[in-house]
Amino acid sequence: MKLSEIAQLIGAQFTGDDKEITSMNTLSEANATEISFVANAKYIKEIPSSNAGAIICDVKALEKIPSTCTALVVDAPYWQMAVLTAKFAPTLEDINSAKASIGEGSIVSSRAEVANGASIGKNCNIMAGVYIGSNAIVGDNTTLYPNVVLYRDCRVGSSCVIHAGTVIGSDGFGFASDKMGIHKKIYHLGNVVIEDDVEIGSNSSIDRAVFSSTYVKRGARLDNLVHVAHNCEIGEYSVIAGQTGLAGSSKLGRSSVFGAQSGVAGHLEIAPFNTFAARTGVTKTIKESGKIFAGFPFMDHRAWLKIQGKLARLIK
Amino acid sequence: MKLSEIAQLIGAQFTGDDKEITSMNTLSEANATEISFVANAKYIKEIPSSNAGAIICDVKALEKIPSTCTALVVDAPYWQMAVLTAKFAPTLEDINSAKASIGEGSIVSSRAEVANGASIGKNCNIMAGVYIGSNAIVGDNTTLYPNVVLYRDCRVGSSCVIHAGTVIGSDGFGFASDKMGIHKKIYHLGNVVIEDDVEIGSNSSIDRAVFSSTYVKRGARLDNLVHVAHNCEIGEYSVIAGQTGLAGSSKLGRSSVFGAQSGVAGHLEIAPFNTFAARTGVTKTIKESGKIFAGFPFMDHRAWLKIQGKLARLIK
Amino acid sequence: MKLSEIAQLIGAQFTGDDKEITSMNTLSEANATEISFVANAKYIKEIPSSNAGAIICDVKALEKIPSTCTALVVDAPYWQMAVLTAKFAPTLEDINSAKASIGEGSIVSSRAEVANGASIGKNCNIMAGVYIGSNAIVGDNTTLYPNVVLYRDCRVGSSCVIHAGTVIGSDGFGFASDKMGIHKKIYHLGNVVIEDDVEIGSNSSIDRAVFSSTYVKRGARLDNLVHVAHNCEIGEYSVIAGQTGLAGSSKLGRSSVFGAQSGVAGHLEIAPFNTFAARTGVTKTIKESGKIFAGFPFMDHRAWLKIQGKLARLIK
């Protein structure tokens, strides 16, 4: 899409040399052919080090935009970014891509749908009612139980087991809102990457990233009805018990262990090798390792036990 | 069904002019050809203003039934109402209805099932594994991702996006129970109405109404694994984050915003423009607007923060 | 599988008479042709009364193994047990079994998959997108709504209603972990048994047992998005509201009533006829009946109300 067309779409002034913009990305990951955006004052400091070819911003951020980058100035950068995602979103299926490739020894149910451009490794079992979207990739020796949905462009590694009804790659819960509270959908241009040797229970939901990827790393174990929001990272060998939910962009270190019905707020980083009792609600970044936490808001597990004891005495 | 047959089915005395009863409904919504019921003393006051053609009640409510309405007196009105719902429940599919109509420009996967009597608007995408029941209606420009289930008689508006595995229109959690704790299913005769421009995440469940409709109003956003019970109303432009659950018959005003893993008890009314932090448990009707709540039982968000501070000091 | 082959697989010494081992089981349920394991000192006391033909154990448990039973001594019995489950796990489908039998009057959608060896009773409705695995059994007059998944060897009784997207029989959340935190999958050799007259809402997940069965007993009612872990038992006529989760091996007595978003920790026994308010978290076995509980950790409902009152006064 031409930069001039983008400017027109979002109502920005545009003068200067036109160029082709291939995609959208964050300030830190965008390259010279990509457009990024600044919608929050706290990201202004990332502008100088961004390689983005163009940036959607408001007038306050304008002076920070380097001369090598084109600024598209609008009143509501987040809303206009959302508007633009619709233009970069791929079609639901790439009907003109090559027929899916299926590796030797793989059994694909005649009732499974494997879209054009997808690729399935060797010795997989793709059971009835499974949907594998365009350009999705499944490694070797992986089983997708009935009615698993793998959205387009997402990846599942080798030796994975995904139980029935689990959805990988649905759009995250992202939208811009105006002053009247009306929402504009953010199309999610990223994907989900499930690494090797991961098992996920039934009816879990793992959302694709807005840009780049949501990750479930090697050897992780997720239970049933788990919610993983866009742009999360679940560290290697982590264990996430049933009905736990992770809000957007949170990153769990290796071997994080969460009891059932736990929750993690958005944009947090959790150091490796921590354990969280059932129903813990993590509200802050955690930098130490090897701890056990509980409660909501979360605290050291022993502190939580102490509070429960105090409360019990309170009523006597 | 003849009133005399209904009387016989539920073991009520019946004398007088017989008439055809077309359906069941609540006291306030029933018309002269419909039968209603009173199973709880608090609804007796609604009897005089009801237009119902007949009412199932016990002997205590009998004297309030106006002469224009036929009373069917039984020992256990709620149980007998449940018995009767089975007779008014439609068949699972209307196999004799006309073939579904599909609007111009819509792409319906050959692996989707669209039952007779259903209607799909223009430029929709109905992906593999989707089920659309009899007489269900989908507006224009709407996408149903793989394995979405839209039960019969339910409606999804225009420009909606429903992500994979979401179920719209399952029977609500309703049954009558006898003194031994044995349950009698209440067939749900109502439907779900999703208005225009709504997006719902993956693996969410929205139950149909017992009678009339469960509503998700224009512009609302629901995340993954959200539970909406029978007869709820979600106001326009509301935002319901992941793993939140709404119990039966609760009504959320416009632009209600719920953080993840929140809950709302049944039969509440929540005024517009309130915000609820993650894990809030709403236990009472809310009449003010523009507030932020947190905690369970819920309270003002600042009060909740204060309590957490006090508890933290308690253990020092 | 020969005992000598098992010994070789798991790295145990083996001398003496070889024999055929047909399956794996717990100490208390294993018979003379089955192999069991002791991975936790607290189960050593169960060894003398076990009828297992062989037991995987470490050197500490060795002296308790009776002479009638073969001991296979390894360093990590739980890990080796997990290794062995892969060998006893059945294939995903029994393609050589007889074609499924469908009872008179049953309607099976042409879009449903019924694997070889399955059996469906009379007058059932098996709707589009349903998957019924090998040797699974469905009773009479049962409805499976679209996209229900019934894994192989699982059973659903007569007069049941299972709503769309619910998964019955996925592997439980079970694995052995080594000192590096790497996990070894435990294949689940048991099944799920849903007795007669049970209704389950949409998008719920009920895991199969490791060995033997997970039970949902006669007349129980489960709502949407409920998580039932491996080896649980839900008592007759119990009521489990939306988004509740039960951890592994917990047993609920008859007529247990759980409000929404409740949870039960693993390996608990709950006496019959208790009621749990919404969001109760049960952390201990309950031996009394007829009580109402609330809170997390759970307590008497009145005590919970009292604590909430105290907390409210705390901030004034």
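Chains as they are written, first to last, in the working numbering: chain B, 7 to 322; chain P, 7 to 322; chain E, 7 to 322. By construction, the Cβ of each residue, glycine as well, lies at the ideal position given by its N, Cα and C atoms.
Which listed residue (the options) has its alpha carbon closest to that of residue i
i: P/Gly241; options: P/Ala266, P/Ser164 and P/Ile276; result: P/Ile276
i: P/Ala38; options: P/Tyr137, P/Tyr49, P/Ala47 and P/Glu26; result: P/Glu26
i: B/Ser140; options: P/Ser103, P/Gly111, P/Met133 and P/Lys93; result: P/Met133
i: E/Phe264; options: P/Phe179, P/Pro72, P/Val154 and P/Leu78; result: P/Phe179
i: E/Ala124; options: E/Glu110, E/Asp203 and E/Arg158; result: E/Arg158
i: E/Val305; options: E/Gly287, E/Arg319 and E/Asn102; result: A small correction: the amino acid at residue 305 of chain E is Met; Val does not occupy that position in the sequence shown. That would be E/Gly287, whose Cα lies nearest to the Cα of E/Met305.
i: P/Ser176; options: P/Lys51, P/Arg214 and P/Ala121; result: P/Arg214
i: P/Gly17; options: P/Ser29, P/Met87 and P/Pro72; result: P/Met87
i: E/Ser268; options: E/Ala121, E/Thr250, E/Leu258 and E/Ser255; result: E/Thr250
i: B/Pro152; options: P/Gly272, P/Gly135 and P/Pro303; result: P/Gly135
i: E/Ser116; options: E/Cys75, E/Asp203, E/Ser164 and E/Tyr137; result: E/Tyr137
i: P/Cys160; options: P/Ala58, P/Val216, P/Lys190 and P/Ala271; result: P/Val216
i: B/Lys316; options: P/Gly254, P/Ile321, P/Lys223 and P/Lys48; result: P/Ile321
i: P/Met7; options: P/Thr220, P/Gly225, P/Ile113 and P/Ala95; result: P/Ala95
i: E/Arg224; options: E/Ala235, E/Asp203 and E/Thr32; result: E/Asp203
Within chain E, partners of residue i - CB distance below 7 Å
i: B/Pro83; result: In chain order: nothing, as chain E lies at least about 37 Å away.
i: P/Ser211; result: Gly207, Ser208, Asn209, Asn230 and Leu231
i: B/Gln334; result: Because chain B in this structure spans residues 7 to 322, residue 334 of chain B falls outside the shown range and cannot be described.
Amino acids of chain B, ordered along the chain, whose beta-carbon sits closer than 8 Å to that of residue i
i: P/Pro152; result: Glu119, Tyr137 and Val155
i: P/Met133; result: Leu98 and Tyr137
i: P/Ser261; result: Gly187
Under 9 Å from the C-beta of residue i: neighbouring residues of chain E
i: P/Ser264; result: Looking at the sequence provided, one finds Phe at residue 264 of chain P rather than Ser. Residues of chain E passing the Cβ test: none, with the nearest at roughly 13 Å.
i: B/Tyr243; result: Ser183, Met186, Gly187, Ile188 and His189
Simplified DSSP state of residue i, which is helix, strand or coil
i: B/Gly251; result: strand
i: B/Ile200; result: strand
i: E/Leu231; result: coil
i: B/Ala109; result: Contrary to the premise, residue 109 of chain B reads as Gly rather than Ala in this sequence. Here B/Gly109 sits in coil by DSSP.
i: B/Thr28; result: coil
i: B/Met133; result: coil
i: B/Met87; result: helix
i: E/Leu68; result: helix
i: P/Gly369; result: Limits of chain P in this structure are 7 at one end and 322 at the other, which puts residue 369 of chain P out of reach.
i: B/Ala47; result: helix
i: P/Leu392; result: What the structure shows of chain P is the stretch from 7 to 322, and residue 392 of chain P is not part of that stretch, so it cannot be assessed.
i: B/Ser10; result: helix
i: E/Leu320; result: helix
i: P/His194; result: coil
i: B/Gly99; result: According to the sequence shown, residue 99 of chain B is Glu rather than Gly. Three-state result, B/Glu99: coil.
i: E/Phe181; result: strand
i: P/His307; result: helix
i: P/Ala121; result: coil
i: B/Glu35; result: coil
i: E/Glu239; result: strand
i: E/Lys93; result: helix
i: B/Glu205; result: strand
Per-residue contacts from residue i into chain P (C-beta, under 7 Å)
i: E/Gly225; result: Ile188 and His189
i: B/Ala235; result: Gly248
Residue i Cβ short of 6 Å to the ligand SAM heavy atom set
i: E/Lys312; result: Looking at this structure, you won't find the ligand SAM or any other ligand, since it has none at all.
task: Say whether the region 226 to 245 of chain B touches the region 178 to 189 of chain E, bearing in mind that this needs 3 or more beta-carbon pairs closer than 8 Å, one atom from each stretch.
output: A contact exists between the region 226 to 245 of chain B and the region 178 to 189 of chain E.
task: Please determine if the region 148 to 159 of chain P and the region 197 to 207 of chain E are in contact, where contact requires at least 3 C-beta pairs separated by less than 8 Å.
output: No, the region 148 to 159 of chain P is not in contact with the region 197 to 207 of chain E.
- request: Count the CB pairs spanning the region 83 to 103 of chain E and the region 31 to 46 of chain E that are closer than 8 Å, and state whether there are at least three.
  value: Short answer: they touch.
field: contact_flag[the region 161 to 172 of chain B, the region 201 to 215 of chain B] where n(CB pairs < 8 Å) is 3 or more
entry: Output reads yes: the region 201 to 215 of chain B touches the region 161 to 172 of chain B.
- prompt: Just by C-beta distance, which residues in the region 160 to 183 of chain B are closer than 7 Å to chain P?
  reply: So the close ones are Gly171, Val173, Ser176, Asp177, Phe179 and Phe181.
task: Answer yes if the region 292 to 310 of chain P comes into contact with the region 263 to 281 of chain P, meaning at least three C-beta pairs across the two stretches below 8 Å, and no otherwise.
output: Segments in contact, yes.
- prompt: Which residues, in chain order, does the region 301 to 320 of chain E contribute to contact with chain B at a C-beta distance below 7 Å?
  reply: Taking 7 Å as the Cβ-Cβ cut-off against chain B, the residues of the region 301 to 320 of chain E that qualify are Phe302, Pro303, Ala309, Lys312, Ile313 and Lys316.
query: Got a sec: which bits of the region 247 to 259 of chain P sit with their beta carbon under 8 Å from any beta carbon on chain E, in order along the chain?
result: Within the region 247 to 259 of chain P, the qualifying residues are Gln249, Gly251 and Ala253.
- request: Could you name the residues of the region 276 to 300 of chain P whose beta carbon sits closer than 7 Å to any beta carbon of chain B, in the order they occur along the chain?
  value: Here the close residues are Ala284 and Arg285.
field: Proximal residues, the region 52 to 65 of chain B versus chain P, C-beta separation under 7 Å
entry: Residues of the region 52 to 65 of chain B with a Cβ closer than 7 Å to any Cβ of chain P: none.
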